[in-house]
Amino acid sequence: MTQENRFDPNAVAYYEKSGWQAYYDRNWLHVLWLMVQLNREQFRMSLPTAIGAAIDVVRASVAFAPVDNDVPAATDHLERYYAKARAAAGIETDAATLSTLEMDYWVVHRKLAIDRKLAADHAGDIEPMVASLERLHTALFDAPADAIRRSAELRAQAAATVDRITGGYSEDVEGDWMQVEEILCQAYREVS
Numbered sequence: 336m337t338q339e340n341r342f343d344p345n346a347v348a349y350y351e352k353s354g355w356q357a358y359y360d361r362n363w364l365h366v367l368w369l370m371v372q373l374n375r376e377q378f379r380m381s382l383p384t385a386i387g388a389a390i391d392v393v394r395a396s397v398a399f400a401p402v403d404n405d406v407p408a409a410t411d412h413l414e415r416y417y418a419k420a421r422a423a424a425g426i427e428t429d430a431a432t433l434s435t436l437e438m439d440y441w442v443v444h445r446k447l448a449i450d451r452k453l454a455a456d457h458a459g460d461i462e463p464m465v466a467s468l469e470r471l472h473t474a475l476f477d478a479p480a481d482a483i484r485r486s487a488e489l490r491a492q493a494a495a496t497v498d499r500i501t502g503g504y505s506e507d508v509e510g511d512w513m514q515v516e517e518i519l520c521q522a523y524r525e526v527s
């Protein structure tokens with residue numbers, strides 16, 4: 336059994352979208368604050384645990400952000416993060432597996448974002464990202480398989496929209512950020 340899904344999908348969507356904005360702005364302090372809020376909402380962490388977990392995520396993000404990133408270090412930080420999430424939310428999947436699945440999504444997303452930036456006139460094949468997210472969501476959420484799949488499809492669609500913004504080929508940056516949040520709301524409703 337995975338996490339008991341008892342979070343507000345609108346709040347989680349807002350924190351994730353805002354976290355992406357802060358990540359791409361390299362505003363690590365804001366990422367930290369947003370992750371504290373997300374951890375408390377999604378995983379029901381106590382404030383001290385949420386702060387520690389947010390520090391783990393920021394460290395993972397800082398290690399992963401550069402082009403010459405440090406995937407092993409980022410994965411180690413994610414493992415510490417997921418150990419806290421597991422304990423707080425009752426997730427059965429072990430932290431090492433969760434961190435590996437999360438890092439797989441990060442790596443797949445980055446590759447697809449680079450591919451899309453090189454050919455910005457097409458959406459690209461997001462199926463590898465959907466598959467990666469589906470594996471992660473299966474490990475995280477107690478939801479039917481079709482809801483897991485739909486959530487993964489929507490999160491991949493949101494990520495592709497973020498890539499349009501960060502790749503510099505969005506025609507409506509503000510509108511696209513609003514769309515990202517709306518798509519994430521739908522994604523998290525599927526599994527909440």
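In the numbering used here, the protein residues as written are 336 to 527. Ideal placement from N, C-alpha and C gives every residue a C-beta, glycine not left out.
Between the CA atoms of residue j and residue i - distance to the nearest angstrom
i	j	result
Ala388	Ala430	13 Å
Asp477	Gln356	28 Å
Ala395	Ala480	29 Å
Glu376	Ala346	7 Å
Asn404	Gly510	30 Å
Asp411	Ala418	11 Å
Ala448	Phe342	29 Å
Beta-carbon separation (whole angstroms), residue i vs residue j, contact threshold 8 Å
i	j	result
His472	Ile483	5 Å
Tyr416	Asp391	4 Å
Gln521	Leu475	About 17 Å; that fails the 8 Å criterion.
Ser381	Leu413	Not quite, the Cβ-Cβ distance comes to about 20 Å (not below 8 Å), so this is no contact.
Burial state of residue i, where buried means 16 or more other Cβ atoms lie within 10 Å
i	result
Val366	buried
Arg361	exposed
Glu506	exposed
Pro344	buried
Ala409	buried
Met336	Confidence is the limiting factor: at Met336 the pLDDT is only 34, short of 50, which leaves the residue's position unreliable, though a coordinate-based value still follows. Exposed, by the Cβ-count rule.
Ala454	exposed
Val402	exposed
Arg421	buried
Tyr358	buried
Ile426	buried
Tyr588	An answer regarding residue 588 cannot be provided, because it is not within the stretch 336 to 527 covered by the chain.
Val371	buried
Val393	buried
CB contact flag (residue i, residue j, <8 Å)
i	j	result
Glu469	Ala493	no
Arg499	Glu525	no
Ser467	Val443	yes
Val519	Ala348	In the sequence as displayed, the identity of residue 519 is Leu instead of Val. For Leu519 and Ala348, yes; Cβs fall inside 8 Å.
Gly502	Arg445	no
Tyr350	Leu369	yes
Val515	Ala491	no
Phe399	Trp441	yes
Any non-hydrogen atom of the ligand ADP within 7 Å of residue i CB
i	result
Ala495	For the ligand ADP, the structure offers nothing, since it holds no ligand at all.
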